[in-house]
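The block underneath contains the structure these notes are about, expressed in structure tokens.
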Amino acid sequence: MFLPVIMAGGSGSRLWPLSRQLYPKQFHALTGERTLLQDTAIRLDGLGAESPLLICNEEHRFLAAEQMRLIGREDVSILLEPVGRNTAPAIALAALFATRHGDDPVLLVLAADHFILDVDRFCESVKKAVPLAEQGKLVTFGIVPDRAETGYGYILRGEELPDGGFVVGRFEEKPDRQTAEKYAKSGKYYWNSGMFMFRASRYLEELKRHRPEIVDACSRSIAVTEPDMQFVRVDADAFKTCPADSIDYAVMEKTDDAVVIPLDARWSDIGSWSALWDVQERDGDGNAFKGDVLSLSSNNNLVRADGRLVAIVGVNDLVVVETKDAVLIAHKDQVQKVKDIVDLIKAKGRSEHINHREVYRPWGHYDSIDFGGRDQVKRITVKPGAKLSVQMHHHRAEHWVVVRGTAKVYKGAETILLTENQSTYIPLGEVHALENPGKIPLELIEVQTGSYLGEDDIVRFEDQYGRS
């Protein structure tokens with residue numbers, strides 16, 4: 001019927017400290033038990049579509065693959081962007097990849113970080129768009145506004161079409177409050193959702209007409225693809241020459257064939273903490289809590305506690321987000337400025353915008369629970385059947401203590417099995433590897449000592465995840 005394309009790039013910096021550069025918001029469970037990316041994939045089940053094509057950054061590839069595996073979507077192809085170049089080039093890569101064997105599918109382009117409550121209405125709007133896309137139209141989905149919102153761009157609808165939808169009158173930038181109120185009252189304006197449907201060849205045709213240099217760079221990038229498990233890599237040098245541009249500026253605002261389909265499904269792009277509060281279930285005092293939270297005489301707050309008890313007393317309209325290494329406290333009216341805090345963290349040369357204290361790897365994850373001048377303590381969890389790379393370190397030695405499961409340890413020419421309460425020592429310069437041969441997660445405490453403890457002090461000799 002059509003090929004869904006899920007764009008899973010972006011950093012979501014307005015949702016710091018939860019969303020980080022190496023673990024952005026689309027990979028977090030913000031509105032339920034599943035992550036936003038997982039919800040986006042599952043939302044397609046009622047459409048009879050092909051298995052989706054996922055686009056993400058190279059550095060997020062294992063996060064994306066693992067989250068797809070957890071919901072039974074191991075067949076998803078993952079197209080890797082070497083660098084971010086905004087949505088127009090990303091969609092061009094998808095269109096070129098989809099047409100590489102002479103096919104010309106209709107593409108349904110979705111963002112991985114959207115919240116949609118009414119999935120049935122979403123599916124109805126998508127089905128209405130298919131005939132228009134098959135006729136060569138470039139369809140965008142316009143959200144029926146339920147308030148005057150200044151954080152979104154708008155689409156003015158034009159002439160109604162016999163097959164459904166409306167000709168796009170024009171696109172409008174994010175308005176001021178007075179203009180947004182006028183748009184919302186008129187009934188003729190929709191929020192610009194950033195979701196699209198069109199035939200792959202039509203998108204490339206329009207992009208070539210208006211931004212030929214993007215098509216040229218992406219064509220050279222996709223000409224030599226490098227399959228790696230379910231990942232598809234493109235030529236990085238060619239793609240880095242591609243200009244950055246959004247699909248709105250590059251194509252949708254210029255084409256004569258833009259069509260808008262209204263979508264009224266309680267949609268949000270969860271672009272801020274206040275937007276998350278808007279879509280979450282709240283108690284009788286208007287509070288939305290997740291984690292270990294206690295509240296007295298407090299109203300209309302959003303509080304997330306990831307590792308510790310958070311107690312609030314006598315406060316209203318606040319956002320409080322606690323993670324293992326950072327705490328954010330902001331008024332709900334000021335949450336758009338969270339991005340400025342992230343910029344300040346960068347300017348000060350800090351690292352809290354890049355990663356969490358708990359870091360995910362294709363084999364599992366580790367938590368840096370203590371860090372000193374010449375020592376670091378990590379809690380390491382290795383998935384059943386997973387193996388870390390064969391490696392060595394120039395500047396540190398390591399002590400491993402197993403606290404759960406069974407560890408298969410390779411030290412030089414020696415191979416040993418360790419179970420709970422057993423330990424081993426990896427001297428500086430020793431070639432080694434760690435494997436979980438069991439059926440349950442392996443958990444161990446690693447104590448590192450040495451003159452330099454950075455993650456870049458790893459020389460990989462062999463790696464089943466292609467990192468050597």
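The sequence shown begins at 1 in full-length UniProt numbering and counts up by one. For each residue, glycine too, the CB sits at the ideal point set by N, CA and C. Since the structure is predicted, the reported quantities are computational estimates derived from the model, not experimental observations.
query: Enclosing alpha helix (DSSP H) for F62 [first to last residue]; result: 61-70
query: Residues of its chain near W191, where Cβ-Cβ distance is below 6 Å and the 5 sequence neighbours each way are ignored; result: I143, P145, Y152
query: Three-pair Cβ contact test at 8 Å for the segment 80-90 versus the segment 208-224; result: yes
query: Assigned exposure category for L117 - 16 Cβ within 10 Å defines buried; result: exposed
query: Same chain, Cβ closer than 6 Å to V5, five either side skipped, listed in chain order; result: L53, A94, L107, V109
query: Which listed residue (D278, A258, S274) has its alpha carbon closest to that of R266; result: D278
query: Status (buried if at least 16 other CB within 10 Å, exposed otherwise) for V313; result: exposed
query: For I78, the residue or residues it bridges with in DSSP; result: L54, F231
query: Buried or exposed by the 16-neighbour rule on C-beta atoms within 10 Å, applied to D285; result: exposed
query: Residues of its chain near V224, where Cβ-Cβ distance is below 7 Å and the 5 sequence neighbours each way are ignored; result: D235
query: For Q376, the three-state DSSP class (helix, strand or coil); result: strand
query: Helix, strand or coil at L207 [DSSP, three-state]; result: helix
query: Bridge partners - I416, DSSP secondary structure assignment; result: V409
query: Contact belief for E398 with Q448 at Cβ below 8 Å, rounded distance in angstroms; result: 5 Å
query: Contact check, D292 vs R308, beta carbons under 8 Å; result: yes
query: Exposure label - E435; buried when at least 16 CB within 10 Å; result: buried
query: Three-state class that DSSP yields for W16 in the structure shown; result: coil
query: Supposed close pair V139, I247 - CB separation, criterion 8 Å; result: Contact doesn't hold; Cβ gap of about 12 Å is too wide.
query: Contact under 8 Å by Cβ, L37 with T323; result: no
query: Classification of G9 by the beta-carbon crowding that lies within 10 angstroms, buried from 16 upward; result: buried
query: Check whether K378 and S368 have beta carbons under 8 Å apart; result: yes
query: Proximal residues to S297 (C-beta, below 6 Å), its chain only, five neighbours per side dropped; result: G314
query: Test item: CB-CB of E172 and A148 under 8 Å; result: no
query: Cutoff 7 Å; reference G438; Cβ partners in own chain excluding five residues on either side; result: P384, G405, T406
query: Segment contact flag, the segment 193-213 with the segment 163-178, C-beta cutoff 8 Å, min 3 pairs; result: no
query: Reference G412; option with closest CA among Q336, E58, L428; result: L428
query: Buried or exposed (CB count within 10 angstroms, at least 16 for buried), H244; result: According to the sequence displayed, residue 244 carries Ala and not His. Exposed: under 16 other Cβ atoms inside 10 Å.
query: Same chain, Cβ closer than 7 Å to A112, five either side skipped, listed in chain order; result: I6, M7, A8, Q26, L36, L37, T40
query: For R100: DSSP bridge partner residues; result: None; R100 has no bridge partner.
query: For Q448, the residue or residues it bridges with in DSSP; result: Q376, E398
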